[in-house]
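Numbering (this note's numbering), first residue to last: 2 to 448.
Heads up, the beta-carbon is just placed ideally off N, CA and C, and yes, glycines get one too.
Bear in mind the structure is a predicted one, so any value in this text is a computation, not a measurement.
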Ligand code: UDX
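Shown next, in the form of structure tokens:
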């Protein structure tokens, strides 16, 4: 059955969710306070780079199932299922999550609920938030207890947002046990009927567990990446090869090969801030000791960035002052134009601050990089970035860098030195073409 749905927030999460809910056959209204963003979305344009999203968005705007508005009144009149998909960034100057945007949605929406309605929170929030918001919704809503809030965390990865939303590994629904009713689960099962029919597991929990499922998942992924990066440091010290090692341990199904790519570490709008908010929340709950290992996970991750600067410095003769460095990749990962907490951009900035002249090229993230880091030089192509370079750094594993033929750069660069911050190139191929190849944890001469 088709439902009338409002989605609050039209960033990565909200815009994707709104478009995908329409794709499932629902009538959807996307709500945001940013007029410029709404104008683009209404015209069927995605304000960021996300493969496949533009097609889904356009199709559903054109068929009339997907519309956008800045009016909460319109949303409250139109829909009886309301998703919260706004951001929860790190607070300035502290580890905790900033809940301003989530709270603003609840404070504005709940007083407009004059008919029974369900609010499904998707944003990543510290455990305990949903319980507090559920109570607040009941207090503010004219329909009282018939305005129900549940938590339905999102696990989408940038670059695969549409696929992850339409074909998720699992759906999790946290229900308020202090106000029990069957409605929320029924509504969620209807909204996701097609996905459930396809076989995605649908797990119903209490609110706190649902919130923690999300933070625990991200903490685990971050830990897995820092684990392999710590092993990479040992590989470097011992002359071993971390890629071969990851392949070998990854065959053990209990370990698995995914998220064992050593390199310059994790960044983006989720993992770094989510592990910090998790530590902060555990501290408030008196369980800080349980998560002290996440400090180490964070520290290993941040050390990758300074380590990369050090490798570059030694590769160009001990000082970056006056050297020319080409940086290939600025996005926090490939198939994204997102540069939030991007290790690549951070490293480019540190190298420049140490006196090098840095030329950055990225297939999609130049515009966003320029607004965050306007003092770097941005090239229009790999060749332009690499011209006369003393060292070439590959910091985001875009396909076009992975497939690069070393011979096309032989005549362009000053020195044939390549530093592979994502272990995404073949050391043998580059060495055979006469280059000095440096990987992360790859001192051994294996491919
Ligand atoms: C992540 C989670 O994967 C997703 O489930 C959650 O909903 C949001 O946060 P995302 O931030 O889109 O998604 O990126 P992800 O693919 O997880 O990569 C995060 C970072 O880790 C990137 O900077 C990536 O380059 C890095 N990474 C990933 C590694 O350094 N090594 C790996 O093996 C995998």
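1. What alpha helix (DSSP H) runs, 4 residues minimum, are completely inside the segment 343-402?
2. Looking only at DSSP bridge pairs, what is residue 28 linked to?
3. Can you tell me whether residue 184 is helix, strand or coil according to DSSP?
4. Going by the CB atoms, is the gap between residue 370 and residue 327 shorter than 9 Å?
5. Determine the DSSP secondary structure at residue 279, reduced to helix, strand or coil.
6. Rounded to the nearest angstrom, how far is the Cβ of residue 100 from that of residue 128, given a contact under 8 Å?
7. Considering only residues of the segment 66-93, which uninterrupted alpha helix (DSSP H) runs meet the minimum length of 4 residues and lie entirely inside it, listed in chain order?
8. Rounded to whole angstroms, what's the CA-CA distance from residue 355 to residue 317? Just pull it up for me.
9. May I have a chain-ordered list of the beta strand (DSSP E) segments no shorter than 3 residues that lie completely inside the segment 200-275?
10. Relative to the C-alpha of residue 245, which residue among 441, 342, 202 is closest?
11. Where residue 93 and residue 411 are concerned, what is the direct C-alpha to C-alpha distance, given to the nearest angstrom?
12. Between residue 67 and the rest of its own chain, which residues show a CB-CB distance below 6 Å, the 5 nearest in sequence each way excluded?
13. Of all the options 222, 104, 436, 249, which has the alpha carbon lying nearest to the alpha carbon of residue 413?
14. Among residues of its own chain, excluding the 5 on either side of residue 180, which ones have a beta-carbon nearer than 8 Å to its beta-carbon?
15. From the DSSP secondary-structure annotation, give me the bridge partner or partners of residue 122.
16. Starting from the N-terminal side, write out each stretch of the beta strand (DSSP E) that is 3 residues or longer and does not extend beyond the segment 397-438.
17. Is there at least one non-hydrogen atom of ligand 1 closer than 8 Å to the beta-carbon of residue 127?
18. Kindly give me the distance between the Cβ atoms of residue 443 and residue 243, rounded to whole angstroms, as I take these residues to be in contact under 8 Å.
19. Does residue 47 pass the burial test, meaning 16 or more other C-beta atoms within 10 Å, or should it be called exposed?
20. Near residue 185, what residues of its chain come up, given a Cβ to Cβ distance below 6 Å and the 5 sequence neighbours on each side ignored?
21. Smallest Cα separation from residue 13: which of 352, 27, 7, 38?
22. In or out: residue 183 buried (at least 16 other Cβ within 10 Å) or exposed?
23. Sorted by chain position, which residues of the same chain lie with C-beta nearer than 7 Å to residue 52's C-beta, five sequence neighbours on each side aside?
24. Return the chain-ordered list of same chain residues with a C-beta closer than 6 Å to the C-beta of residue 417, the five sequence neighbours on each side being excluded.
25. Alpha carbon to alpha carbon, how far is residue 402 from residue 247? Give it in angstroms, no decimals.
26. Got a sec? Which residues, its chain only, sit under 6 Å from residue 432 by beta carbon, not counting five neighbours each side?
Let me lay it out:
1. 344-354, 367-373, 383-387
2. 5
3. helix
4. no
5. helix
6. About 12 Å; that fails the 8 Å criterion.
7. 73-79
8. 13 Å
9. 203-207
10. 441
11. 45 Å
12. 23, 29, 61
13. 436
14. 135, 139, 146, 149
15. 85, 152
16. 418-421
17. no
18. 6 Å
19. buried
20. 119, 149, 151, 176
21. 38
22. exposed
23. 160, 336
24. 435, 436
25. 22 Å
26. 438
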